[in-house]
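K.L.:
Here the protein sequences come in this chain order: A and B. Numbers in my numbering are just positions in the first sequence, counted from 1, shifted up by 197. Numbers in my numbering are just positions in the second sequence, counted from 1, shifted up by 42.
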Amino acid sequence: MSLAFAPPANRTRLLRQFLRSPSAVIGGAVILLILVLAVFAPIMAPYDPIVQNTAIRLAAPDAAHWLGTDAFGRDILSRLIYGTRPTLLLVLFVVVLMAPIGIAVGVLAGYFGGMTERVLMRLTDIVMSFPRLLLAFAFVAILGPGLINGALALALTSWPAYARQARVETTALRRSDYLAASEMVGIGRLRLLFGHVLPLVMPSAIIRLALDLGGIILAAAGLGFLGLGVRPPTAEWGSMVAEGTQVIFDQWWVAAAPGFAILITSLGFNLLADGLRDILDPRHD
Amino acid sequence: MPIRSITTGWKSNLGQAIPSQPDDQNSRQPRGWRDLPYLWTLVRWLWSFAITLLGLSIITFAMTRLSPIDPALQLVGDHASQSTYAQARETLGLDEPLPVQFVNYLRTALSGNLGQSISTGQPVARDIARTFPATLELATVAIVLGSVFGLSLGIIGAMRPGSVLDGVVRLVSLVGYSVPIFWLGLLMLLLFYAKLHWAPGPGRLDVVFQYTVPSVTGFALVDTWLSGKVGAFRSALSHLALPALVLAFYAMAGISRLTRASILAELGQEYVLTARAKGAGLVRVVFKHVLPNVTGTLLTVIALSYASLLEGAVLTETVFAWPGIGRYLTTAMFAGDMPAILGGTLVVGACFVALNAFTDFAVNRLESAQR
Chain A
198 MSLAFAPPAN
208 RTRLLRQFLR
218 SPSAVIGGAV
228 ILLILVLAVF
238 APIMAPYDPI
248 VQNTAIRLAA
258 PDAAHWLGTD
268 AFGRDILSRL
278 IYGTRPTLLL
288 VLFVVVLMAP
298 IGIAVGVLAG
308 YFGGMTERVL
318 MRLTDIVMSF
328 PRLLLAFAFV
338 AILGPGLING
348 ALALALTSWP
358 AYARQARVET
368 TALRRSDYLA
378 ASEMVGIGRL
388 RLLFGHVLPL
398 VMPSAIIRLA
408 LDLGGIILAA
418 AGLGFLGLGV
428 RPPTAEWGSM
438 VAEGTQVIFD
448 QWWVAAAPGF
458 AILITSLGFN
468 LLADGLRDIL
478 DPRHD
Chain B
43 MPIRSITTGW
53 KSNLGQAIPS
63 QPDDQNSRQP
73 RGWRDLPYLW
83 TLVRWLWSFA
93 ITLLGLSIIT
103 FAMTRLSPID
113 PALQLVGDHA
123 SQSTYAQARE
133 TLGLDEPLPV
143 QFVNYLRTAL
153 SGNLGQSIST
163 GQPVARDIAR
173 TFPATLELAT
183 VAIVLGSVFG
193 LSLGIIGAMR
203 PGSVLDGVVR
213 LVSLVGYSVP
223 IFWLGLLMLL
233 LFYAKLHWAP
243 GPGRLDVVFQ
253 YTVPSVTGFA
263 LVDTWLSGKV
273 GAFRSALSHL
283 ALPALVLAFY
293 AMAGISRLTR
303 ASILAELGQE
313 YVLTARAKGA
323 GLVRVVFKHV
333 LPNVTGTLLT
343 VIALSYASLL
353 EGAVLTETVF
363 AWPGIGRYLT
373 TAMFAGDMPA
383 ILGGTLVVGA
393 CFVALNAFTD
403 FAVNRLESAQ
413 R
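Right, dumping it as structure tokens:
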């Protein structure tokens, strides 16, 4: 993602650094695998994820059903594969909503300063000390479960971290000679903001985003677990764990498999983020 | 950076900086230059705390208005006449303009009236007073355990960066903040309760002890201890162990990661090099010089984890059938019990905000005292 912002000569160097970082490579591979699974779910999944077959309900893992079947006789492996879709979709929604809000608030506050800055940062501080998860749960509980509401709830409470970071960087840029020079040359304010400030604020926002993704996956799974996520019968990992809870002492694999999928995905994002940060932000430890 | 200022522990400084009786701050003249910044921080802290609480209440209020559930209709039922419905709207104050409604909402909430729960039929404030101690007990035990383990692991990892031990510490904390906590809780129940029979099942007390112990504080450990029944206390302790350990693991992951990172960053500073060059051992440098300097950061991360344990209770309490506020809220969500959801959110949210604000204040004082 971040490679797009580097000048061409740097790209090969960044790529080499990326390949040398074990956590970035492992994390990247896991995420790539999950992306592939999500895109090609109909081809990869051995069974239909929502067709019920009560004759084989709660079957133990065997050659036909590698991970067994759930209480409705649905193949768990197929449901896991299809479950990548709502998970990634929700993450995408959150990212698309959250990062632009945060970056816009931060850049505007840092660029204009004065009263604008004070009001915007006050707002940021207020939202920052809200209980994120709890508000998201309450929000979804009241507006009704679903992917969009869940993403909206998480995004509306998570943007302040981006705003703070973007403001600090923009303030530093505002004082730089090169920005003063481009202003003097006569570059308009909008172009200055989008063309000169924004690209320089992006890399650290991307690192931050990567670091947050694991947590967003967990929050999304939590919503699903509480029954506030995607509506059944759509396969979703969090709600699959909740379904498995009913039979946890006898058919433990029903809950174990989707939880493991959540763990791996979140782990993948966290590993990738750690690696990316080491490469793009060498000052950090 | 002079070494002397660093070697002075923060505790001794803190004692000087905070007057023993902050109440007479207003009545007497500021004596030294230290008193004024203190007062100023306090005022600013109270101000930002109040503003944040106001923001939180605006959000919970907005949620009541966004909700598709009409409280007046809920009160009178579907078959009520138009005039009864209008009357109900009037009693509930729903015909007033929104700002007036908000002020009314704020006024009743401040007086401790959070409305009537629809599912339990009790005042929400009383329900919360009943369930919140259970959550607080669990989160407190978990944060103590999590901090002890997290700090030790973080320090160990930072002292030998790159070693096998460090690798293990990093891996454990990576798994800790990647694992879905409700799932980990389930697996622990499966292993230690169902398979190994080491831990008791869900709940707070064994059935035999239920209703035999008078509820004094609401904290099961304290109440059973006060009652003098050894068996009941042991039962409370064993019921607490598993959920507390699961939560502690989660808290430990974040704490150890930040401890390690902040100590490592500090070890690269010049004053550490100077101290080392003068012959101080690594252990001495870390405990005498580095730790006092990162105390603010560590306090902040511990407070943040504590706050997230309080709000994360919604997930863990469901798994362990822990009768705390999290489970109360989840039950309310499924019953469409708006007063309970919003009252609970407001109370837990206020605790969360208060904890954050207090930490900010404490860290601020700590750092100015260090300077």
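All residues carry an ideal CB built from backbone N, CA and C; glycine is no exception.
Assign D163 of chain A to one of three DSSP states: helix, strand, or coil.
P.N.:
No information on residue 163 of chain A is available, as it lies outside the stretch 198 to 482 that chain A covers here.
K.L.:
Whole alpha helix (DSSP H) runs in the segment 261-299 of chain B with 4 or more residues, listed along the chain?
P.N.:
Segments of the alpha helix (DSSP H) lying fully in the segment 261-299 of chain B: 262-269.
K.L.:
Determine the contact status of L287 of chain A and A348 of chain A, defining contact as a CB-CB distance below 8 Å.
P.N.:
In contact: L287 of chain A and A348 of chain A (Cβ atoms closer than 8 Å).
K.L.:
Between the Cα of I345 of chain A and those of A:V291, A:E314 and A:M325, spot the shortest distance and give me the residue it belongs to.
P.N.:
Checking every option, the nearest Cα to that of I345 of chain A belongs to A:V291.
K.L.:
Can you tell me the Cα-Cα spacing of P175 of chain B and W364 of chain B, whole angstroms?
P.N.:
The straight-line gap from Cα to Cα measures roughly 11 Å.
K.L.:
Could you check if L423 of chain A belongs to the surroundings of the ligand SAH, using beta carbon to heavy atom distance under 7 Å?
P.N.:
This structure lacks the ligand SAH, and indeed carries no ligand of any kind.
K.L.:
Three-state secondary structure (DSSP) at A59 of chain B?
P.N.:
Caution applies to A59 of chain B, whose pLDDT of 39 falls short of 50 and renders its modelled position unreliable; the value that the coordinates give is listed next. Looking at A59 of chain B - three-state DSSP - the assignment turns out to be helix.
K.L.:
For N398 of chain B, go through chain A and note every residue whose CB falls closer than 8 Å to its CB, in chain order.
P.N.:
Here the neighbours are S326.
K.L.:
Once DSSP output is grouped into helix, strand and coil, what is the label at T266 of chain A?
P.N.:
Note: T266 of chain A maps to strand in three-state DSSP.
K.L.:
Report yes if the CB atom of L468 of chain A is closer than 8 Å to the CB atom of I223 of chain A, and no otherwise.
P.N.:
For L468 of chain A and I223 of chain A, yes; Cβs fall inside 8 Å.
K.L.:
Any Cβ of chain A within less than 8 Å of the Cβ of A283 of chain B?
P.N.:
A283 of chain B does not count as touching chain A.
K.L.:
Would you call the CB atoms of G218 of chain B and M105 of chain B closer than 8 Å?
P.N.:
Contact: no.
K.L.:
8 Å is my cut-off, CB to CB: does I101 of chain B come that close to chain A?
P.N.:
At least one chain A Cβ lies under 8 Å of I101 of chain B.
K.L.:
What residues in the segment 332-352 of chain A have a beta carbon less than 9 Å from any beta carbon of chain B?
P.N.:
So the close ones are L332, F334, A335, F336, V337, A338, I339, L340 and G341.
K.L.:
Could you tell me which chain B residues have their CB closer than 9 Å to the CB of L464 of chain A, listed as they occur along the chain?
P.N.:
Result: L216, V217, S220 and V221.
K.L.:
Could you give the first and the last residue of the continuous alpha helix (DSSP H) run that contains R254 of chain A?
P.N.:
Premise fails: R254 of chain A is in no alpha helix (DSSP H) and is neither H nor E.
K.L.:
Where in the segment 109-181 of chain B do unbroken runs of the beta strand (DSSP E), each at least 3 residues long, occur, reported from the N-terminal end onward?
P.N.:
The qualifying runs do not exist here; there are none.
K.L.:
Going along chain B, which residues have a C-beta under 9 Å from N467 of chain A?
P.N.:
Per Cβ cutoff of 9 Å: L216, Y219 and S220.
K.L.:
Quick check on D248 of chain B: does DSSP put it in helix, strand or coil?
P.N.:
Residue state, collapsed to three classes: coil.
K.L.:
Compare the C-beta of W450 of chain A with all C-beta atoms of chain B and state if any pair is closer than 8 Å.
P.N.:
It does not: the Cβ of W450 of chain A has no partner Cβ on chain B nearer than 8 Å.
K.L.:
Which residues of chain A have a Cβ atom closer than 7 Å to the Cβ of F191 of chain B, listed in chain order?
P.N.:
What F191 of chain B touches in chain A: nothing, since even the nearest Cβ is about 20 Å away.
K.L.:
Look up D272 of chain A in the DSSP assignment and give the residues it is bridged to.
P.N.:
BP columns for D272 of chain A point to A:T266.
K.L.:
For W240 of chain B and F234 of chain B, I'd like the C-alpha separation in whole angstroms.
P.N.:
Spanning the two alpha carbons is a distance of roughly 5 Å.
K.L.:
Using C-beta distances below 7 Å, list every residue in its chain close to L324 of chain B, excluding the 5 sequence neighbours before and after it, in chain order.
P.N.:
M201, listed in sequence order.
K.L.:
State the CB to CB distance for the pair R329 of chain A and S355 of chain A, rounded to an integer number of angstroms; the pair is presumed to be in contact (CB under 8 Å).
P.N.:
Indeed, because the Cβ distance is near 6 Å, the residues count as touching under 8 Å.
K.L.:
Let me see if you follow: with CB-CB separation under 8 Å, is L289 of chain B close to chain A or not?
P.N.:
So, not an interface residue.
K.L.:
Name, please, each residue of chain B whose Cβ falls closer than 7 Å to the Cβ of I323 of chain A.
P.N.:
Simply I93, T94 and G97.
K.L.:
Could you give the C-beta distance for G386 of chain B and I170 of chain B, rounded to a whole number, given that I count them as a contact under 8 Å?
P.N.:
At roughly 6 Å, the Cβ-Cβ gap stays under 8 Å, so G386 of chain B and I170 of chain B are in contact.
K.L.:
List, in chain order, every chain A residue whose beta-carbon is nearer than 8 Å to that of T360 of chain B.
P.N.:
Residues of chain A passing the Cβ test: F422 and L423.
K.L.:
Is A382 of chain B close to chain A, meaning its C-beta is less than 8 Å from at least one C-beta of that chain?
P.N.:
Judged by the 8 Å Cβ criterion, A382 of chain B is not in contact with chain A.
K.L.:
Counting along the chain, where does the alpha helix (DSSP H) carrying R372 of chain A start and finish?
P.N.:
Note, R372 of chain A: premise wrong, no alpha helix (DSSP H); not H, not E.
K.L.:
Using a Cβ-Cβ distance cut-off of 8 Å, determine whether F174 of chain B contacts chain A.
P.N.:
Not closer than 8 Å to any Cβ of chain A, the Cβ of F174 of chain B fails to qualify, so no.
K.L.:
Can you give the Cα-Cα distance for I383 of chain B and L285 of chain A, rounded to whole angstroms?
P.N.:
Answer to the nearest angstrom: the Cα atoms are 29 Å apart.
K.L.:
So what does DSSP say about E432 of chain A, is it helix, strand or coil?
P.N.:
Note on residue identity: the sequence assigns Ala, not Glu, to residue 432 of chain A. DSSP places A432 of chain A in coil when its eight states are reduced to three.
K.L.:
Indicate the three-state DSSP secondary structure (helix, strand or coil) for V427 of chain A in the structure shown.
P.N.:
Here V427 of chain A sits in coil by DSSP.
K.L.:
Does any residue of chain B have a CB that is nearer than 8 Å to the CB of L230 of chain A?
P.N.:
By this cut-off, L230 of chain A is not an interface position.
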